[in-house]
Ligand SMILES: Cc1cc2nc3c(=O)[nH]c(=O)nc-3n(C[C@H](O)[C@H](O)[C@H](O)COP(=O)(O)OP(=O)(O)OC[C@H]3O[C@@H](n4cnc5c(N)ncnc54)[C@H](O)[C@@H]3O)c2cc1C
Ligand SMILES: Nc1ncnc2c1ncn2[C@@H]1O[C@H](COP(=O)(O)O)[C@@H](O)[C@H]1O
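Here's what the structure looks like:
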């Protein structure tokens, strides 16, 4: 390594990024509730990386490509099948993976405890997570990891700028946009407009097969994954029936005024 | 046991979403306390003491709370949490940012987007973009919930006479700093509080063409919404997005223009009372849930609609 490179590295620090990825039902699938109301039908359903996690991986890789990070580690919590999701992230450009081997469907607090432990072990400077898993629709795990580590958080990010040991993050909030600066180490959760993830190239998919995936257990991490929340039942929402087609704008206005009475 | 609600406000006004959250709280407890953490937020306090069913208003008025950063407010809430069996906030971006942090500090679960209270420990919440409704029971000592406002009719902003309690704790973390904010200013009603919404999708073709929608909205006193595709394309700002990962709305009338009706969009609007779809593709999935469908080119239909209102 040349002296310039060395100074450069020391100056920028060795920022390590941890990214969480969850395996979920593909966003194109309309799930069906099981007849016994115990959950939704997951057999023979297409599974994919959670879209917000894919955005998180892309952002980490871009930071590495800009020379701002030295390593991107991806972690997934679940049964062996979530290694597929880790491979997807490795094919996009992450360096190595960690599977925390547990049953699927742990609640967010348990996942957060496991992720917090891994983040500590890895001494990650930045943890990028999806804002929401599109199966549970919880939107909470990142905030919980931040609480457990007593790190600052910047949720719903649409832009991340790293400078001087802090992340300046633009957040999508109900009223518009907000910019926060959070000191590293910090948690950032991704929103849809942060970036558009790349497609993995075939050579990169091949290369990903040789990248390492470590397996850890909750016991090894010293985390109790028990939950006090029980799913009593899962039901289908009452279906909305299609109404009628109107032939013209005039007919539409007539119906809205006199039939639905929602316009005066 | 007492129940604590974290108020949604902007230091001037109590937001209507707090009133829906109080409606959910009424089904759990009749000792409802509301926390107002902010800076120079006296007018919010004055509004909140008058709200129906509120027994106590806790006020933490300090510069440290001006932007309601989660790092500070979560510790403040945890500081007073001992007295409460439930902690609630609206499922807005502020509530979603804060409450999971509170729950993790208390080592309890957090239930998101509750749409129905079955009993003080059992709740219903949508999962999978609203394609399933989960009934969940929690035995945690404190139950931390965000409330989907469309699930509960707002309580009255009048009729209460709550006691005011001043909190002296100041928690000022330096980990996170507010830099700036760009808030939309509009004379139209807020999306989540509007009784009529007109939304545009990718079919609008450009941001300029949204003026067609805006003129209809102005005639109806409606709010304007959008699909993700319209926001991603840069036609309109992010805070107009309706859907699974945007805002959830349930107005009396929702008019979807040039929106195909992807499940993620439907997740945010399918509980509207009356749905109208205007789309040139008669196969568009939006027609499967619309009460009134008009198969037409929006560039002809929308100006005509505007004229006939
Ligand atoms: C993780 C994730 C989260 C998402 N969250 C959301 C969300 O919160 N909200 C959301 O909306 N989407 C969300 N989406 C995106 C969603 O899947 C769809 O891509 C999006 O809703 C499509 O928007 P659209 O209907 O405007 O565009 P399109 O599907 O492209 O539909 C455009 C429609 O306009 C019609 N049209 C075109 N020209 C005309 C014309 N001249 N006159 C009349 N009709 C015309 C077309 O027939 C078509 O039906 C999400 C996706 C993912 C993966
Ligand atoms: N089992 C899991 N494994 C890895 N990451 C997860 C898991 N569950 C949640 N996450 C992360 O937390 C984010 C938010 O999830 P949620 O709070 O469940 O909506 C997801 O986008 C993931 O990045």
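Residue numbers (our numbering), protein chains in the order written: chain A, 13 to 276; chain B, 5 to 313.
Where a beta carbon is used, it is the ideal one built from N, C-alpha and C, also for glycine.
Closest by C-alpha distance to residue i, when choosing among the options
i             : options                      : result
residue 253/B : 155/B, 294/B and 115/B       : 155/B
residue 165/B : 306/B, 49/B and 302/B        : 49/B
residue 304/B : 35/B, 295/B, 297/B and 284/B : 284/B
residue 46/B  : 268/B, 68/B, 170/B and 219/B : 170/B
residue 171/A : 148/A, 41/A, 206/A and 56/A  : 206/A
residue 272/A : 257/B, 264/B and 269/B       : 257/B
residue 2/B   : 133/B, 279/B, 64/B and 308/B : Missing from the structure shown is residue 2/B; chain B here goes from 5 to 313 and no further.
residue 98/B  : 117/A, 186/A, 72/A and 135/A : 186/A
residue 250/B : 259/B, 260/B and 268/B       : 268/B
residue 179/A : 167/B, 179/B and 175/B       : 179/B
residue 192/B : 207/B, 276/B and 223/B       : 223/B
residue 42/A  : 77/B, 29/B, 135/B and 18/B   : 135/B
residue 88/B  : 74/B, 225/B, 107/B and 75/B  : 107/B
residue 312/B : 221/A, 261/A and 119/A       : 261/A
Neighbourhood of residue i by C-beta, 6 Å cutoff - its chain only, sequence neighbours within 5 removed
i             : result
residue 126/B : 141
residue 125/A : 235
residue 94/B  : 12, 21, 25, 151 and 153
residue 51/A  : 246
residue 161/A : 128
residue 160/B : 56
residue 60/A  : 38
residue 112/A : 89, 126 and 228
residue 10/B  : 39 and 93
residue 128/B : 119, 120, 137 and 139
residue 277/B : 256
residue 101/A : 33, 69 and 86
Spatial neighbours of residue i in its chain, beta-carbon cut-off 8 Å, leaving aside the 5 residues before and after
i             : result
residue 27/A  : 75, 80, 81, 82, 137, 138, 174 and 196
residue 240/B : 204, 211, 214, 228, 230 and 234
residue 121/A : 156 and 239
residue 217/B : 202, 203, 204, 208, 228, 261 and 306
Minimum Cβ-Cβ distance from residue i to chain A less than 8 Å
i             : result
residue 185/B : yes
residue 109/B : yes
residue 171/B : no
residue 75/B  : yes
residue 284/B : no
residue 297/B : yes
residue 181/B : yes
residue 156/B : no
residue 317/B : The requested residue 317/B is not part of the displayed model; chain B covers only 5 to 313.
residue 9/B   : no
residue 319/B : Chain B is shown from 5 up to 313; residue 319/B falls before or after that span and cannot be answered.
Chain B within 8 Å of residue i, Cβ atoms only
i             : result
residue 112/A : no
residue 255/A : yes
residue 164/A : yes
residue 170/A : yes
residue 34/A  : no
residue 13/A  : With a pLDDT of 46 at residue 13/A, under the threshold of 50, the modelled position of that residue is not reliable, and no figure is offered here.
residue 42/A  : yes
residue 55/A  : no
residue 210/A : no
residue 82/A  : no
residue 267/A : yes
residue 242/A : yes
Chain-order list of residues whose beta-carbon lies under 7 Å from that of residue i (same chain, five-residue window excluded)
i            : result
residue 22/A : With a pLDDT of 47 at residue 22/A, under the threshold of 50, the modelled position of this residue cannot be trusted, and the question is left open.
residue 85/B : 91, 110 and 146
residue 13/A : The predicted model places residue 13/A with a pLDDT of 46, which falls under 50 and marks its position as unreliable, so this point remains unresolved.
residue 71/A : 140, 172, 202, 206 and 207
Below-8 Å beta-carbon distance, residue i vs any chain E residue
i             : result
residue 230/A : Here chain E cannot be found, since the structure's protein chains are A and B.
Chain-ordered residues of the region 172-201 of chain A with a beta carbon less than 7 Å from chain B:
180, 184, 185, 186, 187, 188, 189, 190, 191, 192, 193, 194 and 195
Chain-ordered residues of the region 141-159 of chain A with a beta carbon less than 9 Å from chain B
143, 144, 146, 147, 148, 149, 150, 151, 152, 153, 154, 155, 156, 157, 158 and 159
At a CB distance below 9 Å, what residues from the region 226-250 of chain B approach chain A? Give them in sequence order.
232, 235, 236, 241, 242, 243, 245, 248, 249 and 250
Taking a cut of 9 Å between CB atoms, which residues from the region 121-150 of chain B lie near chain A?
122, 126, 128, 129, 130, 131, 132, 133, 134, 135, 136, 137, 138, 139, 140, 141, 142, 143, 144, 145 and 150
Given a limit of 7 Å on CB to CB distance, which residues of the region 124-140 of chain A reach chain B?
124
Contact set between the region 262-278 of chain B and chain A, restricted to residues whose Cβ is under 8 Å from the partner
267, 268, 274, 277 and 278
Can you pull every residue whose C-beta falls closer than 5 Å to some heavy atom of ligand 1, listed in chain order?
39/A, 63/A, 205/B, 206/B, 207/B, 231/B, 232/B, 233/B, 247/B, 248/B, 249/B, 250/B, 262/B, 263/B, 264/B, 266/B, 268/B, 269/B, 283/B, 284/B, 285/B, 288/B, 301/B and 302/B
Name the residues in the region 81-101 of chain B whose C-beta lies less than 8 Å from a C-beta of chain A; which are they?
96, 97, 98, 100 and 101
Who's in the neighbourhood of ligand 2, going by beta-carbon under 7 Å from any heavy atom, listed in chain order?
32/A, 33/A, 34/A, 62/A, 64/A, 65/A, 68/A, 87/A, 88/A, 89/A, 90/A, 94/A, 118/A, 120/A, 123/A, 127/A, 141/A, 142/A, 143/A, 144/A, 145/A, 148/A, 149/A, 150/A, 151/A, 152/A, 153/A, 154/A and 201/A
Residues of the region 214-227 of chain A whose Cβ lies closer than 9 Å to any Cβ of chain B, in chain order
none
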